[in-house]
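In our numbering, the protein residues as written are 1 to 65.
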């Protein structure tokens, strides 16, 4: 039997806003996403947890994918 390819969809998330003057939970969310510097980009698996984190800091990130 042929193996099924699990093409898990990914999101490309780039930090576009500064966490200065933001609440501590928004800063923690950016760190949880792997973002800590302006214009840094990470690729994460498209899961409900990641989408929720992105929604929380949507004003500081841009998403492709």
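We treat Cβ as the ideally placed atom computed from N, Cα and C, and that holds for glycine.
As the structure is a prediction and not an experimental result, all values here were calculated from the model.
Between 62, 8, 19 and 21, which lies nearest to residue 41 when the distance is taken from Cα to Cα?
Per the Cα distances, 62.
Which stretch, first to last residue, makes up the beta strand (DSSP E) that contains residue 44?
Counting along the chain, the beta strand (DSSP E) containing residue 44 begins and ends at 41 to 45.
How is residue 62 classed by DSSP in three states: helix, strand or coil?
Looking at residue 62 - three-state DSSP - the assignment turns out to be strand.
Note down, one range per segment and in chain order, each alpha helix (DSSP H) of at least 4 residues found wholly within the region 12 to 56.
For the region 12 to 56, whole alpha helix (DSSP H) runs of length 4 or above, ordered along the chain, are 24 to 32 and 48 to 56.
Going along the chain, which residues of its own chain have a beta-carbon closer than 8 Å to the beta-carbon of residue 37, five neighbours each way excluded?
So the list reads 15, once near-sequence residues are dropped.
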